[in-house]
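Protein chains in written order, with my numbering: chain L, 1 to 196; chain H, 1 to 587; chain V, 1 to 100; chain A, 1 to 248. Beta carbons are placed, not taken as given, at the ideal position from N, Cα and C, and that holds for glycine. The structure appears right after this line, and notes come after that.
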Ligand code: HEA
Ligand code: HEA
Ligand code: CUA
Ligand SMILES: [Cu+2]
């Protein structure tokens, strides 16, 4: 017996396995970042003093990065839409753009980190910097993960398009859901860490 | 489906075909078959249980006979741990922390969820495998690596983690290196559980056989589904907490360290401003749901075995399912009942006391339903049934003693005494462990095609049942007298517990007696794998779908596509030709 | 999702572009607001409201939550409830502590 | 009944309240255990296979057990609302006036209890981390006028009987737990916080502080001695101890 509903949807749930799986994964991710946000709030409310993020961190760089990441979310969803329209070259274009934008994001992030370190601002400096490095670091790792997955879908993985197009589209959709989630986390991180 | 010959034939053919496809490594070591993975999980977990128990048997020596060299093995423990065979307090604390960690995260959960869940759930829902076989393999190996890291941590400088399985900060932040290993090990175990829980939920939601509607699911599957949700949503905050603590230990942050700490007369050089209680919140946000992860699969097993051996449907199946779901939901909002003594105000403690009382109700309903299921039954006292029946009062005692702990005022006296130890061991050891044994005896024929020896099984049962009560019952006496837990000398120094000290040696001897009787199990287990009496596909005359496939089931599980035509426990249906009507039997 | 016709997808694409524009505008607004000096609680509220709007846009359109199936809704509702518990109960416990 | 459960002597005013709740709960538990236990054993005997070869498909048809569950829920609600919550409120909210109480600071550190009495002036002298030395473990600033009449002891906590005691708990290093079983007092000591506990000792005698939270390798021996004395004995002890410490 083959495992059913890997590609086709199950009638009574309206889902395929991958779709449900990725959403469950994202639910756990919500709780992971939830734990960190909760820590942030608790530490901040309990703290004697709390620095303004904008005085330590660079708001322009982060604004730029926000735009980059949102942009990559759009290219990601366009990549999926292109597959739906059976337009492989466009898919490659958009997926390529997603990966490039993600790399830009990381490069900016690396520059930010380097800048902090060069001013002797390490996580041990203050609770604010500690949580800043931890959350953005974890988010950065998620970006790296996304880059790996997306690059795979762009280069070696794309072969599947020719053998099992629907399955491939589902995979891209799942990767997209993950990628939008990473974007979504950043949308909250940005004001919380940089602006407040 | 009774056409054994064709089934056997099909199976042989099937196996031959797979022998070609898969080499030894893929078939047994990097297998993606849920049954092989489940068995691997179970055996690894049993070994960890044995190891965790051995740690405790050493500790029980120190508690009963403090300051005396440990017999037989004392000399092997090394001068850093037990010079001259006499255990040091540092080592006692390591053993305590690792006993808790190993039993919970490496023993019971992997056995109950990874082992039984993996092996049984796809069979019971009529699926060919788990939804994501490769993920399943990954979660086993993450578990394995996590376990190895935990074991290796005993050899780290300063030994293994020694701040309790709860790892309360700041103690754990300033603890020796073993704590870092513990945190990394936990990260692997958490990853393993998360991958596993996604797999279970998708499998149960998506791969149910035709006709297997929600209210026709075996109770065990329901229990696994709720358990998977608990793991999925409660574990990530602990992962976050582990990252925070790793930062505190390795990067010099002070998330859990307030300003102005002085350790050994030396001011701590950190930025300060952290909150020690933050750790407790994140830890118990997981650890309370986790205790239901320990109990729900056990309840599931017990429900299966009881339905099968009473030869009648479970009483109040629907209500049991609703209670189970409600229990799972509530378990997320009671966690701070572990923190009553940390300085809680009236309002918030009232909230957590209320939720704690509320959560006891569904447990009571489930247990009552199981008791009532016995009424009007035709009870077969098979070995699995003995274990399952014993579960009921044992869980009852454990659950009932949870109530005084749940009211903050009563908890003043009982918190961190042996009463707590007694409470939770009654639920996890005489409760869950016995249920797990029931499961092993019950599904062993399905996994191996052979039955375990009944006489050895009964000896194992009675020995375990008597001695396990001998270990844990006196804990309530000691706890009510106010004896603290985590006492290296077994509380010897304190005047108010002098009258209950004599129980220490009684309990320790009971623990060793308990250990002795496990030998019957181990012998039985391994002997039966090769020598056990061969059985049919459905030796217990059970109704659920796993019994409609060959024992052991072939790769892909079902020879004919399964379907469900009725509820899970249609035993003794009036007018039916036999006293069990399999779920898959055509109408 | 295999039922989506090419026509539907083209319509989607238009929506994506609109959402993208909205997200850009909102980003500028958040940053802009942070430069005006308002009281801290107000600033926090505004920033979080805008972030929530942005987040909902991403979730609803890019992640297609506007037209998802019920098992996923249930999972997410459950997650949201526990997320709220995780965010607020520790905080309330701290604020109601007797040792301040 | 509380003696039956083997609870330690009740040496404080609220001990009886704590015990009452414990006792009531154990009654409820006992009734349930015995009731269900009897039912359980009955079914095992009555419905064993040899006595009842044919199981009854429907089983119990009545729903009396639901009433039982409702009754249980009500009992729990009464215990909760009638006893547990109010009693906890008095524990944490109804602190007696400082003027009429014995007020002390207890500073925990691995693995000792330091008791700090403010002396007759009722004001605690200033303490600071950088003043901590092996002989001045809590870092009391002796140059502060308020500190002149302060008394500090290690692991020896004396208090007068029948007068409220307020203990301000703090710790220098890790979490400890301040517990005196006979007084039914237990409170975790959290780093960075100053947590008050109060009680009224009602029995004279010698008891022990036992640290109830794992705090390191010396946790098991982190014991303090408690002496509950008559007012005059206490005053004598205080004067004597003071003379001893300042005379040196
Ligand atoms: C499987 C694990 C498990 C389960 C199921 C439970 C179930 C419960 N637990 Fe327990 N608990 C633990 C594992 C578990 N616990 C652990 C591991 C700890 C300690 C951790 C540590 O500090 O290291 C702990 C600690 C703990 C505390 C903290 C104590 C302290 O530190 O001071 C509290 C407080 O509220 C508590 C309460 C409860 C309650 C109210 C239930 C309820 O859910 C119970 C409901 C059940 C019933 C009420 C039984 C119903 C009975 C009948 C219907 C009749 C029975 C009839 C017969 C027996 C014949 N538990
Ligand atoms: C699931 C959880 C679990 C389980 C099952 C157990 C089981 C046991 N526990 Fe444990 N215990 C904890 C979880 C658990 N414990 C925790 C969390 C703590 C607190 C730690 C802390 O302070 O931080 C604790 C603490 C604890 C203490 C208190 C120590 C202290 O405070 O200083 C004691 C004391 O007696 C104790 C005893 C025992 C005993 C005798 C068993 C026995 O019941 C064990 C029985 C075991 C078996 C019967 C093994 C069965 C396996 C086999 C037979 C293997 C077969 C193998 C093959 C076939 C391959 N435990
Ligand atoms: Cu101090 Cu335990
Ligand atoms: Cu709990």
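- The closest heavy atom of ligand 2 lies 7 Å or more from the beta carbon of residue 20/L.
- For residue 252/H, a Cβ of chain L is located within less than 8 Å of the residue's own Cβ.
- Those residues of the stretch 82-101 of chain A placed with their C-beta closer than 7 Å to a C-beta in chain V are 92, ordered along the chain.
- Ligand 2 has a heavy atom closer than 7 Å to the beta-carbon of residue 108/H.
- Residue pairing of residue 179/A in beta bridges, as defined by DSSP: 186/A, 210/A.
- When distances are taken from the beta-carbon of residue 334/H to the heavy atoms of ligand 4, the shortest one is below 7 Å.
- Straight across, the Cα-Cα distance linking residue 57/A with residue 500/H is about 49 Å.
- Of the other Cβ atoms in all chains shown, 16 or more fall within 10 Å of the Cβ of residue 409/H; this residue is therefore buried.
- By the criterion of a C-beta distance shorter than 6 Å, residue 57/L is surrounded in its chain by 194, once the five residues flanking it on both sides are discounted.
- Taking every protein chain shown into account, the CB of residue 100/A has fewer than 16 other CB atoms within 10 angstroms, so this residue is exposed.
- Where residue 199/A is concerned, the enclosing beta strand (DSSP E) starts and stops at 195-199.
- Of all residues in the stretch 62-78 of chain H, none has a C-beta nearer than 8 Å to a C-beta of chain L.
- Chain H has no Cβ within less than 8 Å of the Cβ of residue 8/V.
- With contacts defined by Cβ atoms closer than 8 Å, residue 60/A and residue 376/H form a contacting pair.
- Within the stretch 111-160 of chain H, complete alpha helix (DSSP H) segments of at least 4 residues are found at 118-124, 133-152, given in chain order.
- At a cut-off of 8 Å between beta-carbon atoms, residue 92/L makes no contact with chain V.
- Beta-bridge analysis with DSSP links residue 571/H to 580/H.
- In the displayed model, residue 484/H falls within a strand according to three-state DSSP.
- When C-alpha distances from residue 47/H are compared across 91/H, 73/H, 148/H, the shortest belongs to 148/H.
- The beta carbon of residue 176/A sits closer than 7 Å to at least one heavy atom of ligand 3.
- The three-state reading of DSSP puts residue 108/A in strand, counting E and B together.
- Put simply, the backbone Cα of residue 138/H is about 21 Å away from that of residue 5/L.
- For residue 168/A, the uninterrupted beta strand (DSSP E) segment begins and ends at 165-171.
- For residue 196/A, the neighbours in chain V by C-beta distance under 9 Å run, in chain order, 98, 99.
- One Cα belongs to residue 491/H, the other to residue 151/H, and the distance between them is close to 28 Å.
- Under the 8 Å Cβ criterion, the stretch 71-88 of chain V does not count as touching the stretch 149-158 of chain A, having fewer than three qualifying pairs.
- A distance below 7 Å between beta-carbons, with the five flanking residues on each side excluded, links residue 363/H to the following residues of its chain, in chain order: 327, 399.
- Using a 10 angstroms sphere on the CB of residue 244/A, the tally of other CB atoms stays under 16, which defines it as exposed.
- Separation of residue 297/H and residue 224/H (C-alpha to C-alpha, rounded to the nearest whole angstrom) is 6 Å.
- Within the stretch 506-571 of chain H, no run of alpha helix (DSSP H) reaches 4 residues while sitting entirely inside it.
- Sequence-distant Cβ neighbours of residue 91/L in its own chain, meaning closer than 7 Å and more than five residues away, are 79, 82, 83.
- The way I'd put it, the stretch 199-217 of chain H does touch the stretch 119-130 of chain H; three or more beta-carbon pairs between them come closer than 8 Å.
- Counting along the chain, residue 52/A sits inside no alpha helix (DSSP H), nor does DSSP assign it H or E at all.
- Of the residues assessed, residue 510/H falls on the buried side of the cut-off, its CB having 16 or more other CB atoms within 10 angstroms.
- With 16 or more other Cβ atoms inside 10 Å of its own Cβ, residue 171/H counts as buried.
- Under the DSSP assignment, residue 327/H falls in the alpha helix (DSSP H) whose first and last residues are 317-330.
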